[in-house]
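For the sequence shown, my numbering assigns the number 162 to the initial residue and increments by one for each residue that follows.
Note that CB positions come from ideal geometry on N, CA and C, so glycine has one too.
Worksheet for the structure shown next.
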Amino acid sequence: MNARVEAALNEQVLKESSSSQYYLAMASWAENQGLNGTAQFLYGQSDEERFHMLKLVRFINERGGKAIIPFIEQPPVEFNNLESVFESLLSHEIAVTESINNLVDICLQEKDYTTHNFVQWYVAEQLEEEAQARTILDKLKLIGGDKGGMYMFDRDLENSAITPNMASPSPAK
Ligand code: FEO
């Protein structure tokens, strides 16, 4: 496997793992605030990010590279409020999108069209995740400090909690 592409993929493994841990910390905080729907949603997001990481690990190894399982810095324990949680989530996703775009660039520069093709799945995924985070933030801004609105918001998130397909982290799927 091309060394520059391999390094960029491993960099992405780190980013997806960090996202997973970060969202896990958010989920745990939300659970302790009594926001069970939000917690369930964020636990699901954390699982999704782990799945993204696993998919990369499998791809790197299957292509003859060596996946590096990274050390992850401890995420925050406390968050100010729900709005700041989702603001952090959105800015995190924007940074991940930049990193994916950089990966696409490197694939093209190195003429690695197989990896380029593989990475397109992440390009589409980022579009969805950013849009989802923006929608959630818009809702939170509308609700403001309204307790009834917050109750409904939490219940809605519970119903939309993501159940990732953990059955197959295969890079081909
Ligand atoms: Fe897998 Fe949302 O970055």
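- With a cutoff of 7 Å on beta-carbon distance, Ser-252 and Met-214 are scored as not near each other.
- For the pair Glu-271 and Glu-319, the Cα-to-Cα distance works out to about 43 Å.
- Residue environment for Gly-226: buried (at least 16 other C-beta atoms within 10 angstroms of its C-beta).
- Assignment of Asn-278 by DSSP, reduced to helix, strand and coil, places it in the helix class.
- Between Ala-188 and Leu-203, the CB-CB gap stays under 7 Å.
- Proximity of the beta carbon of Ser-180 to ligand 1 is indicated: a heavy atom of the ligand is located closer than 6 Å.
- With the rule of 3 Cβ pairs closer than 8 Å, the segment 251 to 268 counts as touching the segment 283 to 297.
- Between Arg-224 and the set Met-311, Tyr-274, Leu-288 and Asp-299, the nearest pair of CA atoms involves Tyr-274.
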